[in-house]
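Here is the structure we will look at, set down as C-alpha cells.
Number of protein chains: 2
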Amino acid sequence: MNNIKYYLDKVGAIFDAEQFIAEPRELYAPIEYTLRLGGKRIRPTMLLMANALFGGDEQQVRNAALGIETFHNFTLLHDDLMDRSPLRRGQPTVYTKWDENTAILSGDTMFALAWRYFLRQSTPKLQVILQCFNETAIEVCEGQQKDMNFERMGLANVSIDNYMDMIRQKTAVLLAGALKIGALYAGAPADEVERLYAFGIHLGLAFQMQDDLLDGYGDTAVFGKKTGQDIRDNKISFLPLTALKYANEEQRKELLALFAAKDNMDEEEKVRRVLALYQAMNLKNAIEKAIADEFETARKELDGIHADEPRKTPLRELMETLNGRKK
Amino acid sequence: MNNIKYYLDKVGAIFDAEQFIAEPRELYAPIEYTLRLGGKRIRPTMLLMANALFGGDEQQVRNAALGIETFHNFTLLHDDLMDRSPLRRGQPTVYTKWDENTAILSGDTMFALAWRYFLRQSTPKLQVILQCFNETAIEVCEGQQKDMNFERMGLANVSIDNYMDMIRQKTAVLLAGALKIGALYAGAPADEVERLYAFGIHLGLAFQMQDDLLDGYGDTAVFGKKTGQDIRDNKISFLPLTALKYANEEQRKELLALFAAKDNMDEEEKVRRVLALYQAMNLKNAIEKAIADEFETARKELDGIHADEPRKTPLRELMETLNGRKK
Numbered sequence: 001m002n003n004i005k006y007y008l009d010k011v012g013a014i015f016d017a018e019q020f021i022a023e024p025r026e027l028y029a030p031i032e033y034t035l036r037l038g039g040k041r042i043r044p045t046m047l048l049m050a051n052a053l054f055g056g057d058e059q060q061v062r063n064a065a066l067g068i069e070t071f072h073n074f075t076l077l078h079d080d081l082m083d084r085s086p087l088r089r090g091q092p093t094v095y096t097k098w099d100e101n102t103a104i105l106s107g108d109t110m111f112a113l114a115w116r117y118f119l120r121q122s123t124p125k126l127q128v129i130l131q132c133f134n135e136t137a138i139e140v141c142e143g144q145q146k147d148m149n150f151e152r153m154g155l156a157n158v159s160i161d162n163y164m165d166m167i168r169q170k171t172a173v174l175l176a177g178a179l180k181i182g183a184l185y186a187g188a189p190a191d192e193v194e195r196l197y198a199f200g201i202h203l204g205l206a207f208q209m210q211d212d213l214l215d216g217y218g219d220t221a222v223f224g225k226k227t228g229q230d231i232r233d234n235k236i237s238f239l240p241l242t243a244l245k246y247a248n249e250e251q252r253k254e255l256l257a258l259f260a261a262k263d264n265m266d267e268e269e270k271v272r273r274v275l276a277l278y279q280a281m282n283l284k285n286a287i288e289k290a291i292a293d294e295f296e297t298a299r300k301e302l303d304g305i306h307a308d309e310p311r312k313t314p315l316r317e318l319m320e321t322l323n324g325r326k327k
Numbered sequence: 001m002n003n004i005k006y007y008l009d010k011v012g013a014i015f016d017a018e019q020f021i022a023e024p025r026e027l028y029a030p031i032e033y034t035l036r037l038g039g040k041r042i043r044p045t046m047l048l049m050a051n052a053l054f055g056g057d058e059q060q061v062r063n064a065a066l067g068i069e070t071f072h073n074f075t076l077l078h079d080d081l082m083d084r085s086p087l088r089r090g091q092p093t094v095y096t097k098w099d100e101n102t103a104i105l106s107g108d109t110m111f112a113l114a115w116r117y118f119l120r121q122s123t124p125k126l127q128v129i130l131q132c133f134n135e136t137a138i139e140v141c142e143g144q145q146k147d148m149n150f151e152r153m154g155l156a157n158v159s160i161d162n163y164m165d166m167i168r169q170k171t172a173v174l175l176a177g178a179l180k181i182g183a184l185y186a187g188a189p190a191d192e193v194e195r196l197y198a199f200g201i202h203l204g205l206a207f208q209m210q211d212d213l214l215d216g217y218g219d220t221a222v223f224g225k226k227t228g229q230d231i232r233d234n235k236i237s238f239l240p241l242t243a244l245k246y247a248n249e250e251q252r253k254e255l256l257a258l259f260a261a262k263d264n265m266d267e268e269e270k271v272r273r274v275l276a277l278y279q280a281m282n283l284k285n286a287i288e289k290a291i292a293d294e295f296e297t298a299r300k301e302l303d304g305i306h307a308d309e310p311r312k313t314p315l316r317e318l319m320e321t322l323n324g325r326k327k
C-alpha cells in the first residue's frame with residue numbers, strides 16, 4: 001500500500017510537470033510565483049488519498065489535484081492582500097512584490113485556472129463534482145467575510161460557536177471538499193462520501209485550532225512564524241475565546257482591554273501579558289484537550305468508513321502527522 | 001416572432017425574480033447592490049436570442065443568462081476597483097460605497113455565484129459549455145491586464161493591432177461567448193456556432209470602438225458620462241491611436257505630449273487641445289468609417305448563418321440599436 005510520502009511526492013511531481021507561465025507575463029508571472037512557492041499541498045494530497053481509498057484511477061484526479069491547490073492559492077493571494085500580510089511561506093506576498101492590482105487580477109485568473117483544470121477531465125459525475133467544488137469556494141468566501149467581521153465585532157462579541165462556524169467555512173470545508181471530490185471521482189457510495197466529508201471537517205477544525213495554539217505556544221524556529229503574532233494583531237482566535245470561558249472577572253477585563261489595545265501599547269509587553277494570563281488559566285491544557293477531542297471525532301469518522309483498512313493508512317498517517325505537527 | 005423588447009423584458013423578469021441577498025450580509029449586500037443596478041444587460045439578452053435562433057428551449061438558458069451577467073458584473077466590480085472609478089451607472093462603485101476588501105471579496109463571490117447558476121442546469125453539453133464560459137473568463141482577465149499594460153507602455157508604444165487584440169479579449173469575447181453558449185444549449189451545429197461567435201466578436205469590437213468615439217464626441221446629457229474623460233485620464237483608446245495614423249510630425253508630437261501630461265496641465269485645456277487636433281485630422285469620419293466596417297463584417301457573419309431569417313430579426317435589431325446608439 002502507498003504511504004503518505006508516495007502521495008506528497010506524487011503531488012510534487014504533478015506540479016513540477018505543469019507549466020504556469022503564459023502571455024501576458026505581467027498576469028501569469030505572479031501566478032507561477034505563487035504556485036511554485038510550494039507549501040504543504042495538503043489538499044491535493046488528500047484528494048489523491050481519498051480517490052485511492054475507494055479504488056479510483058489516479059490519472060483521473062490529476063487535474064482535480066491541480067485545480068484544488070490552484071484554488072487554495074488564489075484564496076491565499078487575495079487573503080494576503082485583504083489582511084495586508086507581507087510574507088507567505090517566508091517570501092514576499094504578491095501584492096508587496098508586485099502591486100495591489102496585480103494581486104487582484106492574478107488572483108481572479110487563478111480562480112479561472114482552477115476551473116480550467118477541473119474542466120479538463122471528463123467524468124459522468126462532472127456536474128456533482130463541480131457543484132461540490134463551487135459550493136466549497138462560496139463557503140470559503142463566506143468564511144473569510146466572517147473572519148473580517150470578527151475584527152469589527154471585537155473579542156467580547158464573538159462566541160466560540162461563531163468562531164467554529166467561521167473556521168469550518170474558511171478552512172475545514174476545503175479539506176473536506178478535497179476528500180469528497182477525490183471520493184466522487186472514484187465512484188464512492190453517497191454515505192461513505194459523507195462520512196469522509198465529516199472526517200475532513202473535524203480534521204480541518206483540529207488543524208485550524210492547532211494553528212491558533214502554535215501561534216501562542218509554537219517554537220518560532222520550527223513554526224516559522226513569530227510567536228504571538230495573533231496577539232500583536234488583536235486577531236480573534238480559539239485561544240482568547242477559550243480564555244474568556246475560563247477567566248474570572250478581573251482576567252476577563254484585562255484580556256478584553258489587551259485585545260482592544262491599539263498602537264498605544266508596546267507589542268512585546270502585550271504578548272507577554274496575554275501569555276501570562278493564558279498561563280494563569282492553564283489555557284494550553286484546555287486547548288490541547290479540545291484539539292485532541294476534534295482529532296478523536298475525526299478518527300471515529302474514518303473508522304466508520306467501509307473500505308479496506310490498508311487503504312485508510314495514508315489518511316491515518318496524515319492525521320497523525322497533523323496531530324503531532326509543530327509547524 | 002419575438003422582438004428585441006421581448007428579450008430585454010425577459011431578462012429583466014429573470015433578474016427581478018432572483019434573490020441575491022444571503023448571509024453574511026456584509027458579503028452579499030454589495031452583490032445585490034451591483035446586480036440590481038441593472039445596466040443594459042446585453043449579454044444575457046444575446047444569450048437568449050442565440051438560443052432561440054437555433055430553436056432552443058428558453059427555460060434551459062435561464063440560469064446561463066443569470067450566470068453570464070453575474071460574471072460580467074464581477075469583472076466590472078473588480079475593474080472599477082483597479083481603475084479607481086468612483087461611479088458606475090451613475091451610482092457609487094462598491095469600493096467607494098463600502099471599501100476595497102469588500103470589493104475584492106464580494107467580487108470573488110460573484111464569480112463563484114456565476115458558476116452556481118451555470119451548474120444548476122443539466123445538459124449533455126455541460127463540459128463544452130462550461131469550458132467556453134471559463135476560457136472566455138480567462139480571456140477577459142488577460143484583456144484587462146493588457147489594458148493596464150498599455151498605461152505603462154505609453155501611447156507611442158501601443159499599435160492599433162495591440163489595441164484591437166486587447167478589446168477583443170476585454171470586451172468582444174464575452175459578447176461572442178454569450179452567443180456561443182446560447183447556441184450550444186440549443187444544440188446548434190459547430191460551424192453555425194463559430195459563425196455566430198465571429199458575429200459576436202465583430203459586434204463587440206464595433207461596440208467598444210463606438211464607446212471610445214462617444215467618449216470624445218458623445219452628448220454628455222445622453223451618454224451619461226462627461227465628454228473627454230479618456231483624454232483627462234490619458235486613456236489609450238481607438239481615438240488617439242487612429243489619430244497617430246493620420247497625424248503629421250507636429251501633430252504627432254503634440255498628441256504624444258498631451259497624452260503624457262500629468263497634473264501639470266489644466267484638464268479642460270487638455271481636452272480642448274486634443275479634440276482640436278482630432279478635428280484638424282477629420283478623425284471623427286475615419287473612426288465612424290472603421291466602426292461601420294466592423295458592423296458590416298458582423299452583418300455578413302450573421303447573413304451567413306443557416307437559420308430561419310425571422311429568427312435572426314432580434315439579433316439584427318440589436319445590432320442596429322448598438323450601431324445607432326448615442327449612449
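Chains as they are written, first to last, in our numbering: chain A, 1 to 327; chain B, 1 to 327. A virtual CB, placed ideally from N, CA and C, is assigned to each residue, including glycine. Bear in mind that the values here come from a model prediction, so they are computed numbers and not experimental data.
C-beta atoms of A112 (chain A) and L256 (chain A) nearer than 8 Å:
no
Nonlocal neighbours in the same chain, by C-beta distance under 7 Å from T136 (chain A), ignoring five residues either side
V173, L174 and G177
Buried or exposed for R168 (chain A), going by 16 or more other Cβ atoms inside 10 Å?
buried
Alpha-carbon to alpha-carbon, I160 (chain A) and F238 (chain A)
7 Å
Would you call the stretch 113-129 of chain B in contact with the stretch 87-94 of chain B, where contact means no fewer than 3 C-beta pairs closer than 8 Å?
no
Select from the stretch 133-149 of chain A all residues with a C-beta closer than 8 Å to any C-beta belonging to chain B, and list them in chain order.
N134, E135, A137, I138, C141, E142, Q144, Q145, K146, M148 and N149
Do you know offhand how far G107 (chain B)'s Cα is from H78 (chain B)'s?
6 Å
Using the Cβ count rule (16 or more neighbours within 10 Å means buried), how would you classify K10 (chain B)?
buried
Looking at the structure shown, is Q144 (chain A) part of a helix, part of a strand, or coil, going by DSSP?
helix
Given a cut-off of 8 Å, decide if P24 (chain A) and E142 (chain B) are closer than it, judged by their beta-carbon atoms.
yes
Would you kindly work out how many angstroms separate the C-alpha atoms of A261 (chain A) and A29 (chain B), rounded to a whole number?
30 Å
Leaving out five residues on either side along the sequence, give the residues of the same chain with a beta carbon under 7 Å from the beta carbon of K40 (chain B).
none
Quick one: any contact between the stretch 182-199 of chain B and the stretch 42-58 of chain B, if contact means 3 or more CB pairs under 8 Å?
yes
Reduced DSSP category for P124 (chain A) - H, G, I as helix; E, B as strand; rest coil:
coil
With 16 other CB atoms within 10 Å as the buried threshold, where does K146 (chain B) fall?
buried
I'd like the ranges of any alpha helix (DSSP H) spanning at least 4 consecutive residues and lying wholly in the stretch 187-261 of chain B.
190-217, 220-223, 229-232, 238-246 and 249-260
By the DSSP assignment, the alpha helix (DSSP H) with L66 (chain A) in it spans what residues?
R62 to D83
Within the same chain, show all residues whose beta-carbon is closer than 7 Å to that of L329 (chain B), passing over the 5 residues directly before and after it, in chain order.
Nothing about residue 329 (chain B) can be read from this structure; chain B reaches only from 1 to 327.
Test: F111 (chain B) CB closer than 8 Å to a CB of chain A
yes
Touching or not, the stretch 195-214 of chain A and the stretch 296-310 of chain A, by the rule of three or more beta carbon pairs under 8 Å?
yes
Close-in-space but distant-in-sequence residues of the same chain around F118 (chain A) (CB under 7 Å, 5 per side omitted)
N63, A64, G67, L130 and F133
For the alpha helix (DSSP H) that T171 (chain A) lies in, which residues bound it at each end?
Premise fails: T171 (chain A) is in no alpha helix (DSSP H) and is neither H nor E.
Closer than 6 Å by C-beta to R232 (chain A): which residues in its own chain qualify, once you throw out the five before and the five after it? Chain order, please.
E267
Give me, in chain order, the residues of the same chain whose beta-carbon lies closer than 7 Å to that of V271 (chain B); leave out the 5 immediate sequence neighbours on both sides.
G228, I231 and R232
Taking just the CA atoms, how far does I236 (chain B) sit from S122 (chain A)?
42 Å
Neighbouring residues, chain B, relative to W115 (chain A) (Cβ below 7 Å)
N134
Using the beta-carbon of each residue, which ones in chain A are nearer than 8 Å to E26 (chain B)?
Q145, M148 and N149
Taking just the CA atoms, how far does E139 (chain B) sit from Q194 (chain A)?
A quick correction: the sequence has Glu, not Gln, at residue 194 (chain A). Those two C-alpha atoms are separated by around 37 Å.
In this structure, how does DSSP classify P92 (chain B) when only helix, strand and coil are distinguished?
strand
7 Å Cβ cut-off: residues of chain B touching N101 (chain A)
M82 and M148
Please classify P314 (chain A) as buried or exposed, where buried requires at least 16 neighbouring CB atoms within 10 angstroms.
buried
Please state the DSSP three-state secondary structure of L87 (chain B).
strand
If we define contact as Cβ-Cβ less than 8 Å, is H72 (chain B) a contact residue for chain A?
no
Do we get a CB-CB distance below 8 Å when we pair I104 (chain A) with the residues of chain B?
yes
Does Q131 (chain B) have its Cβ less than 8 Å from a Cβ in chain A?
yes
Put L37 (chain B) into one of helix, strand or coil per three-state DSSP.
coil
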